[in-house]
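In terms of UniProt numbering, the sequence shown opens at residue 1 and continues consecutively.
Just so you know, even glycine gets a beta-carbon here, dropped at the ideal spot from N, CA and C.
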Amino acid sequence: PQPRLPPLGWARCRQLATKEDTRKKKKKVPVLRGEVEIRQRMTIEELARAMGKDTEHIYEALLYTDVDLNSLEPDSILYEDHIKMIVQKSGMKYKSAKLKEEKERKNTDAVKRQVGSFPLPPADPAVLTPRPPVVTILGHVDHGKTTLLDSLRKSQVASTEAGGITQHIGAFLVHMPSGEKITFLDTPGHAAFSAMRARGTTVTDIVILVVAAEDGVMQQTIESIQLAKTAGVPLILAINKCDKPEADPERVKKELLAYDVVCEEFGGDVQAVNISALKGENLMVLAEATVALAEMLELKADATGLVEGTVIESRKDRGKGPLTTAIIQRGTLRKGCVLVAGKTWAKVRFMFDENGKAVDAAPPGIPVEIMGWKEVPSAGDEILEVESEQRAHEVVDWRTYAEQQEKMKKDVEVIEAKQKEHRMEYEQKQQELAHLTWRQRKAVLYKANKHLMFQRPTERREMDETTLSVIVKGDVDGSVEAILNILDSYDCEDECKLDIVHFGMGDISENDISLAESFNGVIYGFSVKVNESVKKLADKKGVKIKLHNIIYKLVEDLKEELTSRLPPALVETTVGEASVLDTFSVTVGKTKIPVAGCRVQKGLLDRRMKFKLIRGGDVIWKGSLSSLKHHKDDVQVIKMGMDCGLSLDKNLEFNTGDEIVCYEEKEVQQTTSWDPGF
Numbered sequence: 001p002q003p004r005l006p007p008l009g010w011a012r013c014r015q016l017a018t019k020e021d022t023r024k025k026k027k028k029v030p031v032l033r034g035e036v037e038i039r040q041r042m043t044i045e046e047l048a049r050a051m052g053k054d055t056e057h058i059y060e061a062l063l064y065t066d067v068d069l070n071s072l073e074p075d076s077i078l079y080e081d082h083i084k085m086i087v088q089k090s091g092m093k094y095k096s097a098k099l100k101e102e103k104e105r106k107n108t109d110a111v112k113r114q115v116g117s118f119p120l121p122p123a124d125p126a127v128l129t130p131r132p133p134v135v136t137i138l139g140h141v142d143h144g145k146t147t148l149l150d151s152l153r154k155s156q157v158a159s160t161e162a163g164g165i166t167q168h169i170g171a172f173l174v175h176m177p178s179g180e181k182i183t184f185l186d187t188p189g190h191a192a193f194s195a196m197r198a199r200g201t202t203v204t205d206i207v208i209l210v211v212a213a214e215d216g217v218m219q220q221t222i223e224s225i226q227l228a229k230t231a232g233v234p235l236i237l238a239i240n241k242c243d244k245p246e247a248d249p250e251r252v253k254k255e256l257l258a259y260d261v262v263c264e265e266f267g268g269d270v271q272a273v274n275i276s277a278l279k280g281e282n283l284m285v286l287a288e289a290t291v292a293l294a295e296m297l298e299l300k301a302d303a304t305g306l307v308e309g310t311v312i313e314s315r316k317d318r319g320k321g322p323l324t325t326a327i328i329q330r331g332t333l334r335k336g337c338v339l340v341a342g343k344t345w346a347k348v349r350f351m352f353d354e355n356g357k358a359v360d361a362a363p364p365g366i367p368v369e370i371m372g373w374k375e376v377p378s379a380g381d382e383i384l385e386v387e388s389e390q391r392a393h394e395v396v397d398w399r400t401y402a403e404q405q406e407k408m409k410k411d412v413e414v415i416e417a418k419q420k421e422h423r424m425e426y427e428q429k430q431q432e433l434a435h436l437t438w439r440q441r442k443a444v445l446y447k448a449n450k451h452l453m454f455q456r457p458t459e460r461r462e463m464d465e466t467t468l469s470v471i472v473k474g475d476v477d478g479s480v481e482a483i484l485n486i487l488d489s490y491d492c493e494d495e496c497k498l499d500i501v502h503f504g505m506g507d508i509s510e511n512d513i514s515l516a517e518s519f520n521g522v523i524y525g526f527s528v529k530v531n532e533s534v535k536k537l538a539d540k541k542g543v544k545i546k547l548h549n550i551i552y553k554l555v556e557d558l559k560e561e562l563t564s565r566l567p568p569a570l571v572e573t574t575v576g577e578a579s580v581l582d583t584f585s586v587t588v589g590k591t592k593i594p595v596a597g598c599r600v601q602k603g604l605l606d607r608r609m610k611f612k613l614i615r616g617g618d619v620i621w622k623g624s625l626s627s628l629k630h631h632k633d634d635v636q637v638i639k640m641g642m643d644c645g646l647s648l649d650k651n652l653e654f655n656t657g658d659e660i661v662c663y664e665e666k667e668v669q670q671t672t673s674w675d676p677g678f
């Protein structure tokens, strides 16, 4: 019986089938014809796909080039010359793909209010209103910065902080009895956190330099002075611990003259106040000096228009989400404002003061905690208000795009520099092989590189390299940044590689454990918590979690971990020395064996130890003795002053005057030579 016609009819079905076959053929045409469409900056994977080959084929073709195969991954970008050569070596032709001209993207970034390239002046001086001064307290570690701040704002911050050390930037508003307000930033006082201190001074009007009366000027005191001068911020000198019997405020003032800090009594313009932060002595005098200086500076701001400010600190809160402490520098921040900072944005849901109370508005100079961010911005980021959420998206998209473009530009520079280096090496190698025929050269290059071809790219990394992988988690952005700044100073890659696998804010999670297990790494937590389930998972997987509240202790722990990863060093200890007085040989079977007649000058010779032969100051042999005799007897040990005959485990001719040194090797644990600066 005749088969039933499908609804479309046989003719239409055949037409569709033919079209489908044609479509399938079209896909394979470039490879079947042996013509490969190439373009600039193709990766190994993309080229393999375009040629219809696997990546191993590409690696094999690259054996004859100047490319360093060890550095290649499937996503590594190839040089155009190499792409053409690979295609030709594979018996194919290449054609250049038509370049899609990318339209230049319009800059949609948000900027401060301005006319042209100049900041926009206020329309009317009457718009300007007085604002509180923003004060940063700087000085050497343990000179009493946190205690002073604690006394000023009448809270117990100092007593709850580990070691009395402020570990991240915060901002607080202090109300004076006179009704004046002062905004204080508290920054860490240690040399390693100069980046955080510098960030504090970018929004600072006045710096209070705290110097302990009994210690005088110290390293971080000098750095603090330099930071203030670089930022162009005036100083007030607070000489602390004046209640101690050994206090000498006059010595401090004289020492500071060397750093161009001239107090008023010496004809300068720096106010000096003798205080005791612990006992609360003269604090009002210091506050009044601050207010007086602020009045001289005539600090005013425009409280109208779009908001501008700076992120002082940022953190993640489980209940509130991403939070930032910010200081408003222009405009008045209110609920519902749309802000951008870095590559994130916020619609302000709530604002809190330093005591956690909700506020409705924040005028210039007032520190405020902002809730409503999509992601956590970085401390130090500029905050700008924009007209709408759509505009905020535009700004964030542009900044992300601009960062990608900058990264690509840097990547290209690195790749080109690497390629230039490999090309020079390749040309040098070619010159060395210039005397060979091209076939011989090809054979030599293939023989030298073929072992690399059979390794997968991931296997090319030397697994026996000493590497410490770390994951850093901190309570706030400033703490993480301070730790990363210290790790950036690591300069002992030849001893042990330090690899920062991941860093972030918040408590240690199961994801961190999985990541640490994959990289055989260690997790360092600063002022964060680990719940019991995560602890059990870490114990089960053998992952180390190290928690600290003081950054110095964390760095010391890291140094110990680096030291533990170093292989033990072999140290040679000399046991005895002998000099060769005469040489002769003995015949054993048909072989003549050289023998040295020696006298022990120092220590003793022990046949079980290792020996070396020194001639003219150079070590020409290391090994063991094949025989050691006193007169005609085989012995184990020859003591100082005794004569002996000895032969080596290698047939070497002795010379009169050679030295024979007996030594033992001991394994000694190496310590890392990294010095983080404290």
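Let me know the secondary structure DSSP gives residue i once reduced to three states.
i: S151; result: helix
i: F118; result: Confidence is the limiting factor: at F118 the pLDDT is only 38, short of 50, which leaves the residue's position unreliable and the question unanswerable from this model.
i: T671; result: coil
i: M463; result: Per-residue confidence for M463 stands at a pLDDT of 41, beneath the threshold of 50, marking its modelled position as unreliable; the derived number appears in the next sentence. Reduced to three states, the DSSP call for M463 is coil.
i: R330; result: strand
i: D269; result: coil
i: P568; result: coil
i: S489; result: coil
i: R456; result: Note that R456 scores 45 on pLDDT, short of 50, meaning its location in the model is unreliable and no value can be drawn from it.
i: Y94; result: strand
i: residue 728; result: Absent from the structure is residue 728, since the part of the chain shown begins at 1 and ends at 678.
i: V414; result: helix
i: I77; result: strand
i: L323; result: strand
i: G291; result: Reading off the sequence, residue 291 comes out as Val, not Gly. Correct three-state label for V291: helix.
Within a Cβ cutoff of 8 Å, which residues of the same chain sit near residue i, ignoring the five residues on either side of it in sequence?
i: H393; result: W345
i: E664; result: E572, T573, V575, M609, K610
i: T290; result: P133, V135, I182, I206, I208, I236
i: I222; result: Y259
Buried or exposed: where does residue i fall if 16 or more other Cβ atoms within 10 Å of its Cβ makes it buried?
i: A443; result: exposed
i: T146; result: buried
i: N240; result: buried
i: residue 729; result: Outside the displayed range of the chain (1 to 678) lies residue 729, so it cannot be described from this structure.
i: N282; result: buried
i: G589; result: exposed
i: L646; result: buried
i: N274; result: buried
i: S96; result: exposed
i: C662; result: buried
i: K253; result: buried
i: V619; result: exposed
i: P249; result: buried
So is the beta-carbon of residue i under 7 Å away from any non-hydrogen atom of the ligand ZN?
i: T290; result: Looking for the ligand ZN in the displayed structure turns up nothing, as the structure carries no ligands at all.
If you drop the 5 nearest sequence neighbours on each side, which residues of the same chain put their C-beta closer than 7 Å to that of residue i?
i: V586; result: I593, V595
i: I137; result: K145, L148, L149, F184, D186, I208, V210
i: A301; result: L128, T129, R131, Q329, R330, P364, G365
i: A247; result: A213, E214, K241
Counting only the same chain and skipping the five closest in sequence on each side, list residues whose C-beta sits under 6 Å from that of residue i.
i: K529; result: D507
i: S624; result: D649
i: Q40; result: E80
i: S314; result: T324, V376, P377, A379, D477
Query raised in the report: Would the stretch 81-90 and the stretch 51-65 be scored as touching if the rule is three or more Cβ pairs under 8 Å?
Result: yes
Report task. Could you name each continuous beta strand (DSSP E) segment of 3 residues or more that falls completely within the stretch 375-401, going from the start of the chain to the end? Result -> 382-386
Query raised in the report: Of all the beta strand (DSSP E) runs that stay within the bounds of the stretch 574-648, which reach a length of 3 or more residues?
Result: 591-606, 610-615, 618-623, 625-630, 637-639, 643-648
Query raised in the report: Counting pairs of beta carbons, one from the stretch 214-231 and one from the stretch 124-132, are three or more of them closer than 8 Å?
Result: no
**Report entry** alpha helix (DSSP H) runs wholly inside the stretch 215-266, at least 4 long, in chain order
**Finding:** 219-231, 249-257
Query raised in the report: If you pair each beta-carbon of the stretch 635-646 with each one of the stretch 560-571, do three or more pairs fall below 8 Å?
Result: no
Query raised in the report: Can you find at least 3 beta carbon pairs, one from the stretch 59-79 and one from the stretch 34-48, that sit closer than 8 Å?
Result: yes
Query raised in the report: Residue ranges of each alpha helix (DSSP H) run of no fewer than 4 residues wholly in the stretch 504-528, ordered along the chain?
Result: 510-519
Query - Cβ pair count under 8 Å reaching 3, the stretch 305-321 against the stretch 384-391 - result: yes
Query raised in the report: Three or more beta-carbon pairs under 8 Å between the stretch 335-353 and the stretch 367-380, yes or no?
Result: yes
Report task. Flag this pair as touching only if the stretch 317-337 and the stretch 482-497 have three or more C-beta atom pairs under 8 Å; answer yes or no. Result -> no
Requested in this report: Determine, using beta-carbon pairs with one atom in the stretch 540-556 and one in the stretch 499-516, whether at least three such pairs fall under 8 Å.
Outcome: yes
Query raised in the report: Are the stretch 367-374 and the stretch 402-421 touching by the rule of at least three beta carbon pairs closer than 8 Å?
Result: no
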